[in-house]
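Taking it in order: structure first as structure tokens, then the write-up.
Residue numbers (UniProt numbering): 1 to 368.
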């Protein structure tokens with residue numbers, strides 16, 4: 001039954017529960033299993049027991065589930081790669097890293113007729129749900145995640161569903177991880193920390209936007225290793241811009257302040273510089289500042305910031321090569337107007353190196 005609006009036209013009516021299309025999420029909820037298990041069972045894929053498969057199929061039939069034409073088409077022709085980034089902390093570096101990675105990935109993926117889709121989530125739990133739902137519907141052929149976390153739920157989902165998955169993070173993948181992990185070559189974080197210690201710094205603070213982020217954990221571990229038992233290393237987590245400003249100000253406001261501060265982002269380093277100036281400290285003699293992220297701002301500020309330079313765009317091209325290899329794709333897709341003799345073999349781009357760039361904000365502590 002429809003009702004009429006004041007103008008006489010039929011007004012839209014919400015679909016009743018009986019009319020709403022049943023989704024695999026409904027099937028998973030009714031069957032008491034994950035979305036990935038439902039996807040495996042409905043598509044006849046290995047990975048679930050026969051008993052579970054029959055249970056899922058029976059539940060789907062009871063609910064009246066039918067695959068949509070759009071879903072069938074999407075599953076058959078997923079030609080995109082998702083780049084997922086978490087925007088949990090206001091001051092986190094993840095979004096900026098993801099944009100630079102995307103710039104490097106797009107051209108390489110396009111050679112294989114693959115598009116790039118950027119997904120931004122509020123937290124890693126939401127990211128895991130998006131990963132599971134997206135894979136069950138075959139929205140994308142593979143997934144790349146930035147800002148991997150200690151005990152990241154996305155890794156668990158990818159492992160359980162056997163999703164083609166690449167983490168852009170330092171360190172080896174977890175023992176049971178389903179995909180690849182790639183990062184820059186070299187030991188720039190360790191070199192940065194050792195450099196401060198060699199200058200004579202023994203009171204060092206590390207400002208990070210997320211203490212469980214793998215990049216931040218690597219920076220903290222490198223600093224503690226370099227300092228050894230003689231150094232005092234304080235870790236300060238700042239999840240918003242305001243926290244970064246206020247904690248940087250408190251950090252340098254007392255007599256036992258650190259003589260050097262390492263940060264995981266360029267913005268945090270700028271906040272430390274400003275805090276030092278407001279206290280009348282002379283950088284680098286009273287306070288050394290080293291940014292774990294390089295940018296144009298690091299080069300333009302006075303004094304220019306000593307920083308770790310990471311060419312994320314070049315790493316993006318390498319990441320795309322890893323994705324292509326995991327998907328089993330060989331030569332780039334030939335265009336209709338291309339010369340077959342000119343087809344290039346797959347390119348194995350080497351991982352770029354991160355470098356420590358010495359500028360004007362680091363020096364031996366006064367009196368050393």
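Idealized CB from N, CA, C, for every residue including glycine.
Bear in mind the structure is a predicted one, so any value in this text is a computation, not a measurement.
Short check: CB of residue i to CB of residue j, under 8 Å?
i	j	result
residue 351	residue 304	no
residue 168	residue 185	no
residue 266	residue 298	yes
residue 164	residue 142	yes
residue 102	residue 114	no
residue 208	residue 220	yes
residue 362	residue 251	no
residue 81	residue 323	yes
residue 64	residue 22	yes
residue 245	residue 271	yes
residue 170	residue 215	yes
residue 36	residue 56	no
residue 258	residue 286	no
residue 268	residue 290	no
residue 262	residue 223	yes
residue 105	residue 354	no
residue 52	residue 33	yes
residue 194	residue 230	no
residue 136	residue 39	yes
residue 107	residue 313	no
residue 212	residue 149	yes
residue 139	residue 78	yes
residue 227	residue 326	no
residue 277	residue 294	no
residue 296	residue 279	no
Helix, strand or coil: how does DSSP classify residue i here?
i	result
residue 191	helix
residue 357	strand
residue 341	Low local confidence applies: a pLDDT of 40 at residue 341 is under 50, so the model's placement there is unreliable, with the coordinate-based value given in what follows. Looking at residue 341 - three-state DSSP - the assignment turns out to be helix.
residue 81	strand
residue 209	coil
residue 69	At residue 69, the pLDDT of 49 sits below 50, so the modelled position is not reliable; the number obtained from the coordinates is stated separately. Helix, per DSSP.
residue 129	helix
residue 110	helix
residue 119	strand
residue 24	helix
residue 185	strand
residue 324	helix
residue 149	strand
residue 139	coil
residue 203	strand
residue 301	coil
For chain C, is any of its Cβ atoms less than 8 Å away from the one on residue i?
i	result
residue 272	The structure shown has no chain C; it contains just one protein chain.
Just checking my contact of residue i with residue j at CB under 8 Å: how many whole Å lie between their CB atoms?
i	j	result
residue 302	residue 275	Contact flag wrong, Cβ pair sits at about 16 Å.
residue 127	residue 86	6 Å
residue 119	residue 111	The pair is not a contact, with the Cβ atoms about 22 Å apart (cut-off 8 Å).
residue 317	residue 349	5 Å
residue 189	residue 292	7 Å
residue 192	residue 356	5 Å
residue 288	residue 196	7 Å
residue 59	residue 30	5 Å
For the beta strand (DSSP E) containing residue i, name the first residue and the last one.
i	result
residue 309	306–309
residue 165	165–168
residue 145	142–145
residue 182	180–182
At which residues does the alpha helix (DSSP H) containing residue i begin and terminate?
i	result
residue 50	50–63
residue 422	No statement about residue 422 is possible, as the shown extent of the chain runs from 1 to 368 and does not include it.
Indicate, with yes or no, if the ligand NAD has a heavy atom lying under 7 Å from the CB of residue i.
i	result
residue 248	Among the ligands in the structure shown, none appear at all, so the ligand NAD cannot be discussed.
Kindly provide the ranges of any beta strand (DSSP E) runs that are 3 or more residues long and lie completely inside the stretch 212–295, ordered along the chain. 232–237, 260–263 and 288–291
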